[in-house]
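So the protein sequences, as listed, match chains A and B. Counted the way the UniProt record's numbering counts, the first sequence spans residues 1 to 193. Counted the way the UniProt record's numbering counts, the second sequence spans residues 1 to 252. Quick reminder that beta carbons are idealized off the backbone N, C-alpha and C, glycines included.
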Amino acid sequence: MNLVIVDYKAGNVQSVMFALERLGINATLSCDFETIKSADKVIFPGVGEASSAMTQLKSRNLDKLLPTLEQPFFGVCLGMQLLCQHSEEGNTDLLGIIPLPVKRIETDLKVPHMGWNQLENLQSPLFVGIKEQDFVYYVHSYYVPMSEYTIAQTSYPEPFSAALHYKNFYAAQFHPEKSGPAGSQILKNFLAL
Amino acid sequence: MLTKRIIPCLDIKDGRTVKGIQFENIRDAGDPVELAKWYAEQGADELVFLDITATNEERKTFAELVRDIARHIDIPFTVGGGISSVADVEVLLMAGADKVSINSSAIRNPELVRELADRFGSQCVTVAIDTKYTEVSGWKVYTRAGTIETEWATIAWAKKVVELGAGEILLTSMNNDGTKAGFALDITKAVSEAVSVPVIASGGAGNMQHFADAFNSAHADAALAASLFHFRELGIPELKRFLKLQGVDIRI
Numbered sequence: 001m002n003l004v005i006v007d008y009k010a011g012n013v014q015s016v017m018f019a020l021e022r023l024g025i026n027a028t029l030s031c032d033f034e035t036i037k038s039a040d041k042v043i044f045p046g047v048g049e050a051s052s053a054m055t056q057l058k059s060r061n062l063d064k065l066l067p068t069l070e071q072p073f074f075g076v077c078l079g080m081q082l083l084c085q086h087s088e089e090g091n092t093d094l095l096g097i098i099p100l101p102v103k104r105i106e107t108d109l110k111v112p113h114m115g116w117n118q119l120e121n122l123q124s125p126l127f128v129g130i131k132e133q134d135f136v137y138y139v140h141s142y143y144v145p146m147s148e149y150t151i152a153q154t155s156y157p158e159p160f161s162a163a164l165h166y167k168n169f170y171a172a173q174f175h176p177e178k179s180g181p182a183g184s185q186i187l188k189n190f191l192a193l
Numbered sequence: 001m002l003t004k005r006i007i008p009c010l011d012i013k014d015g016r017t018v019k020g021i022q023f024e025n026i027r028d029a030g031d032p033v034e035l036a037k038w039y040a041e042q043g044a045d046e047l048v049f050l051d052i053t054a055t056n057e058e059r060k061t062f063a064e065l066v067r068d069i070a071r072h073i074d075i076p077f078t079v080g081g082g083i084s085s086v087a088d089v090e091v092l093l094m095a096g097a098d099k100v101s102i103n104s105s106a107i108r109n110p111e112l113v114r115e116l117a118d119r120f121g122s123q124c125v126t127v128a129i130d131t132k133y134t135e136v137s138g139w140k141v142y143t144r145a146g147t148i149e150t151e152w153a154t155i156a157w158a159k160k161v162v163e164l165g166a167g168e169i170l171l172t173s174m175n176n177d178g179t180k181a182g183f184a185l186d187i188t189k190a191v192s193e194a195v196s197v198p199v200i201a202s203g204g205a206g207n208m209q210h211f212a213d214a215f216n217s218a219h220a221d222a223a224l225a226a227s228l229f230h231f232r233e234l235g236i237p238e239l240k241r242f243l244k245l246q247g248v249d250i251r252i
């Protein structure tokens with residue numbers, strides 16, 4: 001399988017590469033238009049800040065390319081948020097693929113939402129072998145609200161979208177590459193889609 | 001629900017794990033990658049790797065080791081020690097670290113916290129605060145591996161770094177570190193209540209009840225220990241079962 005990880009210097013791509021390596025998969029790291037377009041599957045990692053990530057994407061013309069992709073696509077953490085319409089983080093216009101907003105976590109609890117929290121209401125082949133209440137690792141200060149595209153939820157304290165599915169685009173707010181055996185299973189499930 | 005984190009800390013010198021007793025009398029506790037894998041399997045929620053000689057001896061950080069760790073473990077980890085620039089952090093994050101911890105360099109140049117948060121996001125910027133209580137000064141912040149007292153009161157500094165963009169605080173009480181007499185509950189609670197970001201309690205863990213106290217009394221979001229885990233005096237599965245019985249939200 002020709003698996004490409006989108007390289008835009010804004011994400012922690014190395015961790016995703018290593019997680020795939022542990023599954024015996026060699027992925028190609030690329031920001032090249034043709035390489036990404038011809039991939040069988042695409043993973044779009046990301047940590048960091050939305051507006052600087054968008055700047056990096058635009059400088060590589062990836063803001064034009066990514067919405068046109070038709071193969072199975074997996075956005076992780078900031079990579080999930082970037083697929084949406086608009087973020088309150090830096091008042092940033094995002095890629096606009098999934099018609100949902102990204103909002104700041106407003107709570108008396110600690111922000112960032114950092115640590116291991118539970119998945120609930122799992123509704124996708126992405127979660128084959130994953131049980132309700134299984135733990136995954138989160139680090140984020142912004143979130144995507146519950147929606148018709150939500151395929152798993154987590155609460156902090158209110159429920160939010162732990163994962164999304166829209167057309168060929170899958171996305172997770174948590175970090176499968178850092179979520180132990182459960183995370184590896186979710187990556188495997190994406191590869192099997 | 002979000003669970004409290006148990007974090008083994010691996011102090012690194014020359015690519016090996018060490019743990020200082022009150023920052024002195026260093027003992028060798030093994031190979032960092034092997035220990036890290038073992039901790040991940042045991043149920044550690046995160047790991048911290050501190051290059052303890054980096055600040056004192058101006059050593060370059062340990063990107064190669066970080067890469068090796070990232071290659072082998074599937075839980076998050078933070079690296080610290082001698083980080084003084086955006087470029088240092090970029091190297092470590094690109095090597096696979098999830099967060100960086102900065103300490104003395106934040107004291108020297110508080111704007112570094114803001115630069116890191118702007119460039120990489122607050123979620124990967126942990127500010128480590130070494131604090132010590134004295135009758136004369138109260139709780140103050142210490143720098144350069146705990147050798148120099150700064151002008152900063154601990155609470156004021158914690159608030160300052162969060163305002164600058166820190167996403168987490170790693171609070172080590174030097175009075176308690178190495179004593180196994182328990183975490184410094186008063187200052188941990190005070191810092192946790194003063195800031196909006198997660199606080200890791202560090203220094204003094206000696207038994208399971210100390211962890212329960214850090215979470216239930218001091219409201220820490222995470223608790224860190226080193227020698228207690230490295231020398232197998234306390235197992236993480238056993239600790240987590242105990243905490244769960246104590247009503248702490250914990251991942252098992």
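Checklist line | Within 8 Å of chain B by C-beta, residues of the stretch 42-66 of chain A in sequence order | finding: 47, 48, 49, 52
Checklist line | Neighbourhood of residue 121 (chain A) by C-beta, 6 Å cutoff - its chain only, sequence neighbours within 5 removed | finding: The residue labelled residue 121 (chain A) in the question sits at position 121 within the first sequence. Taken in chain order, the residues that qualify are 153.
Check: Is the stretch 78-85 of chain A close to the stretch 48-61 of chain A, with three or more CB pairs under 8 Å?
Finding: yes
Check: If residue 45 (chain A) sits next to residue 5 (chain A), beta carbons under 8 Å apart, how far is it from one beta carbon to the other, in whole angstroms?
Finding: Numbered from 1 along the first sequence, position 45 holds the residue referred to as residue 45 (chain A). Numbered from 1 along the first sequence, position 5 holds the residue referred to as residue 5 (chain A). With 8 Å as the limit, residue 45 (chain A) and residue 5 (chain A) qualify as a contact, their Cβ atoms being about 7 Å apart.
Next item on the list: Measuring alpha carbon to alpha carbon, tell me which of A:116, A:123, A:34, A:65 ends up nearest residue 96 (chain A).
Entry: For this step, residue 96 (chain A) is matched to residue 96 along the first sequence. Nearest option by C-alpha distance: A:65.
Next item on the list: Pick out whichever of B:201, B:176, B:80, B:10 has its Cα sitting closest to the Cα of residue 231 (chain B).
Entry: Reading the second sequence from its first residue, position 231 is the one you call residue 231 (chain B). When each option's Cα is compared against that of residue 231 (chain B), the closest is B:10.
Next item on the list: Quick one: give me the first and last residue of the beta strand (DSSP E) that residue 117 (chain A) is part of.
Entry: For the purposes of this step, residue 117 (chain A) is taken as the residue at position 117 of the first sequence. Run containing residue 117 (chain A): 113-118, per the beta strand (DSSP E) assignment.
Next item on the list: Give me the Cα-Cα distance between residue 135 (chain A) and residue 77 (chain A), rounded to the nearest whole angstrom.
Entry: In the first sequence, the residue the question calls residue 135 (chain A) occupies position 135. In the first sequence, the residue the question calls residue 77 (chain A) occupies position 77. Taking the straight line from one Cα to the other gives about 16 Å.
Margin query: At the 8 Å Cβ level, is residue 24 (chain A) part of the contact set with chain B, yes or no?
Written below: Counting from one through the first sequence, the residue named residue 24 (chain A) turns up at place 24. Chain B, which has no Cβ nearer than 8 Å to the Cβ of residue 24 (chain A), makes this no.
Margin query: At a CB distance below 7 Å, what residues from the stretch 87-107 of chain B approach chain A? Give them in sequence order.
Written below: The stretch 87-107 of chain B vs chain A, Cβ under 7 Å: 93, 94, 95, 96, 98.
Margin query: Can you tell me whether residue 133 (chain B) is helix, strand or coil according to DSSP?
Written below: Against the second sequence, residue 133 (chain B) aligns to sequence position 133. Three-state DSSP puts residue 133 (chain B) in a strand.
Margin query: By the DSSP assignment, the alpha helix (DSSP H) with residue 72 (chain B) in it spans what residues?
Written below: To locate residue 72 (chain B), count along the second sequence from 1; it is residue 72. It spans 63-72 - the alpha helix (DSSP H) in which residue 72 (chain B) sits, taken as one unbroken run.
Check: So, residue 255 (chain B) versus residue 221 (chain B), is the Cβ gap smaller than 8 Å?
Finding: Lying outside 1 to 252, the shown extent of chain B, residue 255 (chain B) is not represented and no answer is given.
Next item on the list: Evaluate residue 74 (chain B) with the Cβ neighbour count: other Cβ atoms within 10 Å of its Cβ, from every protein chain shown; 16 or more gives buried, anything less gives exposed.
Entry: Within the second sequence, numbered from 1, the residue matching residue 74 (chain B) stands at position 74. Classification for residue 74 (chain B): buried.
Next item on the list: Buried or exposed for residue 24 (chain B), please, with buried defined as at least 16 other CB atoms from any protein chain shown within 10 angstroms of its CB.
Entry: The count along the second sequence starts at 1 and reaches residue 24 (chain B) at position 24. Reliability fails at residue 24 (chain B), whose pLDDT of 39 lies under 50, so the model's placement of it is uncertain and the value that follows must be treated cautiously. Exposed.
Notebook entry, point to check: Are the C-beta of residue 3 (chain B) and some C-beta of chain A separated by less than 8 Å?
Noted result: Stepping through the second sequence from its first residue, residue 3 (chain B) is reached at position 3. It does; some Cβ of chain A falls within 8 Å.
Check: Does the stretch 75-84 of chain B come within contact of the stretch 38-52 of chain B, defined as at least 3 CB pairs closer than 8 Å?
Finding: yes
Next item on the list: Can you give me the Cβ contacts of residue 133 (chain B) inside the same chain, cut-off strictly under 6 Å, excluding the 5 residues immediately before and after it?
Entry: To locate residue 133 (chain B), count along the second sequence from 1; it is residue 133. Answer for residue 133 (chain B): 139, 175, listed in chain order.
Notebook entry, point to check: Going by Cα to Cα distance, which pick from B:14, B:194, B:183 is closest to residue 205 (chain B)?
Noted result: One-based indexing of the second sequence puts residue 205 (chain B) at position 205. Considering only alpha carbons, the answer is B:183.
Note to self: For a cutoff of 8 Å on Cβ pairs, would you count residue 181 (chain B) as touching chain A?
What the structure shows: The residue you call residue 181 (chain B) lines up with position 181 of the second sequence. It does not: the Cβ of residue 181 (chain B) has no partner Cβ on chain A nearer than 8 Å.
Margin query: Please report the straight-line C-alpha distance between residue 125 (chain A) and residue 42 (chain A), rounded to a whole angstrom.
Written below: Locating residue 125 (chain A) in the first sequence gives position 125, where the first residue counts as 1. Locating residue 42 (chain A) in the first sequence gives position 42, where the first residue counts as 1. In a straight line, the C-alpha of residue 125 (chain A) is about 17 Å away from that of residue 42 (chain A).
Checklist line | Beta-bridge pairing of residue 125 (chain B) - partner residues as DSSP gives them | finding: Position 125 of the second sequence, counted from the start, is the residue given in the question as residue 125 (chain B). Residue 125 (chain B) pairs with B:100.
Notebook entry, point to check: When DSSP labels each residue in this structure, what does residue 74 (chain A) get in the three-state scheme?
Noted result: Residue mapping note: residue 74 (chain A) aligns to position 74 of the first sequence, counting from 1. In the structure shown, the three-state DSSP call for residue 74 (chain A) is strand.
Notebook entry, point to check: Any idea which residues DSSP pairs residue 168 (chain B) with across the strands?
Noted result: By one-based count along the second sequence, residue 168 (chain B) stands at place 168. Its beta-bridge partners are B:126.
Note to self: For residue 216 (chain B), tell me which candidate among B:180, B:245, B:196, B:36 has the shortest Cα-Cα distance.
What the structure shows: Sequence index remark: in the second sequence, residue 216 (chain B) carries index 216 (1-based). If we check each option's Cα against that of residue 216 (chain B), B:245 comes out closest.
Note to self: Below 8 Å on C-beta distance, what does residue 140 (chain A) contact in chain B?
What the structure shows: The residue given as residue 140 (chain A) occupies position 140 in the first sequence. Under the 8 Å cutoff, chain B gives 123.
Item checked: Contacts of residue 196 (chain B) in chain A (Cβ-Cβ under 8 Å) -> Taking the first residue of the second sequence as 1, we reach residue 196 (chain B) at position 196. Chain A residues near residue 196 (chain B): 110, 111.
Margin query: At the level of alpha carbons, what is the spacing between residue 251 (chain B) and residue 66 (chain B)?
Written below: The sequence position of residue 251 (chain B) within the second sequence is 251, counting from 1. The sequence position of residue 66 (chain B) within the second sequence is 66, counting from 1. Rounded to whole angstroms, residue 251 (chain B) to residue 66 (chain B) spans 25 Å at the Cα level.
Item checked: Cα-Cα separation between residue 116 (chain B) and residue 15 (chain A), rounded to whole angstroms -> Walking along the second sequence from the start, residue 116 (chain B) turns up at place 116. Walking along the first sequence from the start, residue 15 (chain A) turns up at place 15. Rounded to whole angstroms, residue 116 (chain B) to residue 15 (chain A) spans 19 Å at the Cα level.
Margin query: Let's test the definition: count the other Cβ atoms within 10 Å of the Cβ of residue 92 (chain B) and tell me whether it reaches 16, buried, or not, exposed.
Written below: Along the second sequence, read from residue 1 onward, the residue named residue 92 (chain B) stands at position 92. The residue is buried, with at least 16 neighbouring Cβ atoms inside 10 Å.
Item checked: Per-residue contacts from residue 178 (chain A) into chain B (C-beta, under 7 Å) -> Walking along the first sequence from the start, residue 178 (chain A) turns up at place 178. Within 7 Å Cβ-Cβ: 74, 75, 76, 98.
Next item on the list: Identify each residue in the stretch 156-182 of chain B for which the Cβ-Cβ distance to at least one residue of chain A is less than 9 Å, and report them in chain order.
Entry: Listed by position, the residues of the stretch 156-182 of chain B near chain A (Cβ gap below 9 Å) are 167, 168.
Margin query: List, in chain order, every chain B residue whose beta-carbon is nearer than 9 Å to that of residue 8 (chain A).
Written below: In the first sequence, residue 8 (chain A) corresponds to position 8, counting from 1. Going along chain B, no residue has its Cβ under 9 Å from residue 8 (chain A), so there is no contact; the nearest lies around 13 Å.
Check: What is the residue span of the beta strand (DSSP E) that residue 51 (chain B) lies within?
Finding: Numbered from 1 along the second sequence, position 51 holds the residue referred to as residue 51 (chain B). First-last of the beta strand (DSSP E) with residue 51 (chain B): 47-51.
Margin query: I want to know whether the stretch 146-162 of chain A touches the stretch 86-94 of chain A - three or more CB-CB distances under 8 Å.
Written below: no
Note to self: Among B:96, B:141, B:179, whose alpha-carbon lies nearest the alpha-carbon of residue 187 (chain B)?
What the structure shows: Counting from 1 along the second sequence, the entry for residue 187 (chain B) is found at position 187. Residue B:141 is the option with its Cα nearest to residue 187 (chain B).
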